[in-house]
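Undergrad: Can you read through this structure? Questions will come right after.
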Amino acid sequence: MTIEKLHEALINKQLSSVEVTNYFLNRIDTAKDLNAYIDVQPELSLAQARQADQLIAQGNQGYLTGIPIAHKDVFVTKGWKSTAASKMLGNYQSPFDATVVEKLGMLGSGMVCLGKTNMDEFAMGSSNENSAFGPALNPWNLDYVPGGSSGGSAVAVAAGLTIAATGTDTGGSIRQPAAFCGITGIKPTYGRVSRYGMIAYASSLDQAGPMAKTASECAWLMNAIAGKDLRDSTSIERENEDFTRLLGANWDSSNSNASQPLQGLKIGVPKEFFAKGLNHEVKLAIEEALKQFEALGAVCVEVSLPKTELSIPVYYVLAPAEASSNLSRYDGVRYGYRSEKYKDLAQMYTHSRTEGFGAEVKRRILVGAYVLSQGYYEAYYLQAQKIRRIIAQDFQTAFTQCDVLMGPVAPDVAWKIGEKSKDPIAMYLEDIFTLSANLAGLPAMSLPCGFNQSGLPIGLQMIGNYFNEAEMLQVANHFQTATEWHSMQPLQNVAGEKS
Amino acid sequence: MKTEEITHLAKLSSLEVPENEIEALSEALESILQLANQLQSIDTVGIEPLFHPIEMITPLMQPLRPDQVTELNQREANMANAPAQFEGLFLVPKVID
Amino acid sequence: MSQIEWEVVIGLETHAQLMTQSKIFSGASIAFGASPNEQACAVDLALPGTLPVLNEGAVNHAIRFGLAIGSVVAPMSVFARKNYFYPDLPKGYQISQFSLPVVVGGKIMIEVDGQVKEIQLTRAHLEEDAGKSLHDDFAGPHGESSSGIDLNRAGTPLLEIVTEPVMRSATEAVAYAKELHALVMWLGICDGNMQEGSFRCDANVSVRPKGQKEFGTRCEIKNLNSFKFLEEAILHEVQRQIELIEDGGRVVQETRLYDPDKMETRSMRSKEDAQDYRYFPDPDLLPLQIAQERINGIRALMPALPKELREEWQNTYGLSSYDTGLLTQDKALAHFFIEVLKLIEIDLAKPAANLMAGEFASAMNKESLSADLAPVRPIHIAELLKRTKDGTISNKIAKEIFSQIWELGLNASDRQESILLEGLVDQIIDQKGLRQISDVGAIEKIIDQVLIENPKSVEEYRSGKEKAFNALVGQIMKASKGKANPGQVNTLLKQKLI
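Protein chains in written order, with my numbering: chain A, 153 to 651; chain B, 261 to 357; chain C, 33 to 530.
This is the structure in structure tokens:
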């Protein structure tokens with residue numbers, strides 16, 4: 153089942169949105185163990201589905217009307233709780249919807265919200281183990297992490313608990329769980345999608361993006377969510393763009409060779425992405441995928457992103473710095489968790505925040521306070537922002553030699569739950585290939601390209617130049633036309649879909 | 261990291277670190293900061309910080325909102341999550357100046 | 033006993049609430065007096081997911097101020113986060129400006145004891161105001177003594193205006209504060225209502241032995257919301273510091289509050305520890321670019337400044353510094369006078385100033401009105417002056433007519449009606465027969481009558497009592513119902529008494 157097939161079924165009245173919604177709600181209920189969802193409200197979903205069916209009956213539907221969507225719990229929603237997977241917001245009810253939610257929902261594209269998905273607390277993490285509601289489980293092997301921070305969304309898509317989901321990516325949080333769960337996800341150019349209503353982690357790095365099984369489905373979702381929002385000063389004005397416009401088209405429009413649709417495409421392969429430390433099976437899978445692209449007519453060239461390793465300290469200075477400030481509003485005064493025991497105002501603050509936040513969040517807040525503090529600001533925060541520019545410039549240099557960059561999403565496949573949670577640094581090092589794109593603000597995506605011998609998915613990362621999402625989705629779509637990785641499903645995902 | 265440094269950071273962040281957690285936290289922060297210290301070796305003379313990634317795409321210009329009242333009274337909805345309130349006020353333990 | 037001659041060093045930081053419709057970063061209203069939290073929207077409450085968007089009106093006000101003080105309006109300025117925790121600060125940080133403020137430099141002239149002094153300004157920047165804590169005893173969820181937080185004020189646009197530490201006395205500081213206060217109201221960027229907190233001064237005060245180059249340690253006295261308290265607080269703080277040093281102690285850099293009842297400054301508990309605000313550029317806001325076109329557009333529409341008007345009126349019309357000072361004390365009065373000047377010839381400018389500074393000003397003060405709401409309009413003043421000049425009425429009658437028009441106007445406005453503008457003065461003159469009697473024959477007739485009826489005064493005058501002359505003049509004016517031309521009366525009476 154894909155968005156495209158579901159769309160056909162709905163407008164041909166083969167299925168109703170209520171039927172589809174019920175189908176997924178039942179699956180969600182059956183697969184509670186995966187812990188993909190934090191909040192499910194069947195009545196709210198069905199009410200939306202009924203509205204969607206009405207629109208379809210009146211012939212007033214859009215492409216996505218009546219199709220289900222799950223939202224990462226980092227987006228605020230009316231009706232469903234908005235927790236950011238934190239005890240701090242454990243019972244928080246937002247009086248407004250995030251712009252992304254609005255655009256996809258009944259006032260916009262007409263999608264039906266199935267619920268809020270699990271994630272790492274306040275989007276800080278790469279495994280979904282930092283959730284106050286327990287980890288989400290990788291449907292390919294329940295002992296393994298699904299990746300993070302958009303772990304719940306990735307699990308939901310991979311296990312057939314939704315057709316598509318929203319995620320956010322600050323350092324790889326869409327791409328890496330997509331890779332670990334064998335699905336497709338894209339982080340757009342910074343500024344493409346409004347951050348209004350996205351619970352902030354690191355403001356200059358956060359971006360919202362779609363997660364689904366295929367690139368073409370992601371393209372439909374991009375159409376719905378992209379666009380300038382007056383409520384987000386950092387969102388960019390672009391002419392209305394149709395991200396599906398290049399799907400199926402040859403890369404070179406003058407090329408009529410259907411078996412070599414990517415003729416003319418130059419793929420840059422950063423040599424630093426293949427340095428030591430890259431898991432051997434991942435390396436093999438990526439190399440195979442690159443060969444597949446060559447078979448489709450593309451040419452690979454080696455490029456260099458010299459600061460790849462340095463992106464880790466740059467990110468882990470900047471993100472905690474911005475986070476430490478963004479999370480200061482969680483003080484138990486106007487909303488959120490307030491401690492039961494305190495003797496005065498100062499204690500109310502410290503107890504509420506200490507009890508309400510998890511360990512990783514507190515660590516990053518302290519790191520952030522450190523790198524912004526008097527005496528350290530220049531050496532850490534400012535220095536990191538300067539190296540950030542060098543990293544962005546290095547990408548521009550690389551793009552003079554190629555159209556897109558490709559490589560692994562992560563140095564490893566999913567690891568066992570608990571395996572890396574003792575050592576935060578070990579987890580940080582897993583982000584090495586994804587962080588740079590956030591620092592530069594470039595669009596980047598993950599598409600499934602294989603499995604390791606234990607059956608754990610491997611993802612291929614594609615990084616494009618600014619605003620080139622349509623081209624990236626075009627390239628990914630050709631790969632997915634020629635391969636089957638994206639249509640594989642974990643055994644937990646019981647067949648029985650109606651089409 | 262010295263205990264005083266951690267306590268100072270915790271105070272700045274309105275967080276409390278229990279005695280028995282200070283050592284573990286100190287180690288964790290140490291290793292993170294060691295990671296961060298890699299930044300020092302890079303020569304960034306003449307490089308401007310990239311505070312906003314979109315500077316790479318477009319000139320940075322804060323959009324201006326027309327001076328109009330667009331938000332009406334939504335006190336009840338906005339205060340629905342308040343842990344303590346009274347007659348429209350948020351309540352906190354007494355503030356002493 | 034101290035042999036040291038102390039010098040006082042003062043710098044002022046003023047927070048002026050800008051007169052916009054909405055808040056600096058959200059679309060909520062900033063109108064004063066609403067019920068708690070009715071004007072605190074999601075952005076103001078820092079609800080999860082909210083983001084700031086900058087108010088154009090606040091930017092324009094900042095530009096006006098920058099132009100008025102002859103400063104540089106920064107083509108690019110940056111918003112920064114000032115991080116600290118306080119219940120009236122919803123985000124846990126204040127959006128302010130740090131390294132790159134919107135206005136740099138500038139100066140304001142003050143006058144103290146007839147001496148003019150230039151007060152240099154360091155900078156002025158935009159920032160958001162915090163909410164309010166009400167310290168009445170509320171009961172918290174566990175019965176604990178609680179304060180109430182009202183965030184209506186959170187997000188109100190502020191312009192923080194900082195001077196160089198160039199003031200040397202409380203008097204200078206107050207003179208500057210008053211001058212700044214008048215200026216921001218004149219420019220229409222701040223309503224100057226100190227009771228409501230629209231204009232708040234913080235004073236940075238230190239002392240040093242006269243002649244010493246280095247500054248002494250300074251203390252900041254916060255939130256002084258009246259000129260009286262500003263002066264008192266500075267005086268007491270100076271004394272405290274001097275006494276402390278002379279007793280062998282050291283001044284500790286800290287923030288203090290002024291207690292007007294005890295008339296002393298005390299340390300602020302909540303700000304005891306030196307705060308590390310961890311300033312960094314706000315990633316949610318892009319740099320503010322101010323184009324020359326915007327600045328030019330604002331400059332073109334700016335009202336002439338009081339100083340400019342004073343100079344012009346002194347030079348063109350020969351008005352006194354006192355009169356022009358009074359007439360430029362508030363914008364409405366100055367504009368009224370400008371309107372009057374448009375309707376009269378140059379030689380009437382001085383009489384106009386006298387009338388405005390005299391009758392008009394006192395009538396307005398009595399009713400606590402501002403000139404734009406005065407029942408007497410510029411055309412009335414102009415006509416009164418003309419009719420006085422051409423002899424139709426006397427000065428005294430003019431004053432009477434002024435009062436009559438005033439009353440007429442007040443009553444009309446109560447009934448929500450308006451009164452006649454052009455021609456009203458003539459109408460009153462005719463209706464009440466107030467024409468001055470200048471006919472020599474007519475006056476002589478009255479004088480003769482009065483002389484006959486007041487032989488005693490005539491006697492006394494002839495025997496040298498000057499006062500008796502005035503008594504006779506009084507009787508003549510009375511007999512003529514005030515309409516006799518005083519100049520004529522004087523001349524003719526003198527003749528007749530010889």
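Positions of the beta carbon are idealized from the N, C-alpha and C atoms, including for glycine.
1. Tell me Cys251 of chain C's beta-bridge partners as DSSP assigns them.
2. Taking the straight line between their C-alpha atoms, what separation do you get for Asn297 of chain B and Ala531 of chain A?
3. Is it right to say Thr182 of chain A is buried, meaning 16 or more other beta carbons lie within 10 angstroms of its own, or is it exposed?
4. What did DSSP end up calling Glu264 of chain C once you bin it into helix, strand or coil?
5. Thinking C-beta only, is Met141 of chain C closer than 8 Å to Leu320 of chain C?
6. Mind checking Glu304 of chain C: buried by the 16 CB within 10 Å criterion, or exposed?
7. Residues of chain A with CB under 8 Å from Pro309 of chain B, in chain order?
8. Use the C-beta contact count for Leu462 of chain A: other C-beta atoms within 10 angstroms, 16 or more gives buried, fewer gives exposed.
9. Am I right that Ile543 of chain A and Ser588 of chain A are in contact with their C-beta atoms under 8 Å? What's the rounded C-beta distance?
10. Please list the terminal residues of the continuous beta strand (DSSP E) segment that includes Asp355 of chain C.
11. Where does Pro278 of chain B land, buried or exposed, given buried means 16+ other C-beta within 10 angstroms?
12. Which term fits Pro487 of chain C, buried or exposed, when burial requires 16 or more other beta carbons within 10 angstroms of its beta carbon?
13. Say whether chain A places a C-beta atom closer than 8 Å to the C-beta of Lys78 of chain C.
14. Closer than 9 Å between beta carbons: that is the criterion. Which residues of the region 263-274 of chain B meet it against chain A?
15. Output the boundary residues of the beta strand (DSSP E) element that contains Pro576 of chain A.
16. Evaluate contact between the region 413-420 of chain A and the region 364-383 of chain A, counting only Cβ atoms and requiring at least three cross-stretch pairs below 8 Å.
17. If you drop the 5 nearest sequence neighbours on each side, which residues of the same chain put their C-beta closer than 8 Å to that of Ile433 of chain C?
18. Rounded to a whole number of angstroms, what is the C-alpha to C-alpha distance between Phe603 of chain A and Gln613 of chain A?
19. Whole angstroms are fine: how far does the CA of Trp637 of chain A sit from the CA of Cys601 of chain A?
20. Under 6 Å Cβ to Cβ from Val646 of chain A, same chain only, skipping five residues before and after it: list those, please.
21. By a C-beta neighbour count over all protein chains shown, 10 Å radius and 16 as the cutoff for buried, is His432 of chain A buried or exposed?
22. What are the complete alpha helix (DSSP H) segments, minimum 4 residues, inside the region 136-188 of chain C?
23. If you follow the beta strand (DSSP E) that Phe426 of chain A is in, where does it begin and where does it stop?
24. Give the secondary structure of Glu649 of chain A by DSSP, where H, G and I count as helix, E and B as strand, and everything else as coil.
25. With distances taken between CB atoms, is the gap from Val41 of chain C to Ser238 of chain C smaller than 8 Å?
26. Any chance you could list the alpha helix (DSSP H) runs of at least 4 consecutive residues sitting entirely within the region 284-346 of chain C, in chain order?
27. Would you decide whether Val305 of chain B is buried or exposed? Buried here means 16 or more other CB atoms lie within 10 Å of its CB.
28. Could you tell me the alpha carbon to alpha carbon distance between Asn243 of chain A and Gly218 of chain A, rounded to whole angstroms?
29. Please classify Trp655 of chain A: does DSSP put it in a helix, a strand, or coil?
30. Please name the residue, chosen from A:Trp292, A:Pro642, A:Phe285 and A:Glu281, that lies closest to Gly300 of chain A on a Cα-to-Cα basis.
31. Which term fits Tyr296 of chain A, buried or exposed, when burial requires 16 or more other beta carbons within 10 angstroms of its beta carbon?
32. Using a cut-off of 7 Å between C-beta atoms, extract the partners of Val355 of chain B located in chain C.
33. So, Asn333 of chain B versus Pro247 of chain A, is the Cβ gap smaller than 8 Å?
34. To the nearest angstrom, report how far apart Ala330 of chain A and Asn328 of chain C are at their CA atoms.
35. Is there a Cβ of chain A sitting closer than 8 Å to that of Val237 of chain C, yes or no?
36. Just how far apart, CA to CA, sit Glu736 of chain A and Gly81 of chain C?
TA: Taking the structure as given:
1. C:Val237
2. 9 Å
3. exposed
4. helix
5. no
6. Because the pLDDT of Glu304 of chain C is 49, which lies under 50, any placement of that residue in the model is unreliable, and the question is left without a value.
7. Leu534, Gln537, Lys538, Arg540 and Arg541
8. Answer is buried; the Cβ neighbour count reaches 16.
9. 5 Å
10. It is not in any beta strand (DSSP E) - Asp355 of chain C instead sits in the alpha helix (DSSP H) that spans Ser353 to Leu359.
11. exposed
12. Pro487 of chain C comes out exposed.
13. Per the sequence shown, residue 78 of chain C should be read as Ala rather than Lys. Among the CB atoms of chain A, one or more fall inside 8 Å of the CB of Ala78 of chain C.
14. Glu265, Ile266, His268, Leu269, Ala270, Lys271, Leu272, Ser273 and Ser274
15. DSSP places Pro576 of chain A outside any beta strand (DSSP E); the residue lies instead in the alpha helix (DSSP H), whose first and last residues are Pro576 to Leu581.
16. no
17. Hits under 8 Å: Leu416, Ile425, Val457, Ile460, Ile461 and Leu466.
18. 15 Å
19. The alpha-carbon atoms of Cys601 of chain A and Trp637 of chain A are separated by roughly 6 Å.
20. A caution first: Val646 of chain A carries a pLDDT of 44, below 50, which makes its placement in the model too unreliable to give a value.
21. exposed
22. none
23. No residue range can be given for Phe426 of chain A, since it is assigned to no beta strand (DSSP E) and is classified by DSSP as neither H nor E.
24. Summary for Glu649 of chain A: the model assigns pLDDT 42, below 50, so the residue's position carries little reliability, and this model does not support an answer.
25. The answer is yes: Cβ separation under 8 Å.
26. 324-332
27. exposed
28. Here the alpha carbon of Asn243 of chain A sits roughly 28 Å from the alpha carbon of Gly218 of chain A.
29. It is not possible to answer for residue 655 of chain A, since the shown part of chain A is limited to 153 through 651.
30. A:Glu281
31. buried
32. Pro119, Ser165, His167 and Ser179
33. no
34. 53 Å
35. no
36. An answer regarding residue 736 of chain A cannot be provided, because it is not within the stretch 153 to 651 covered by chain A.
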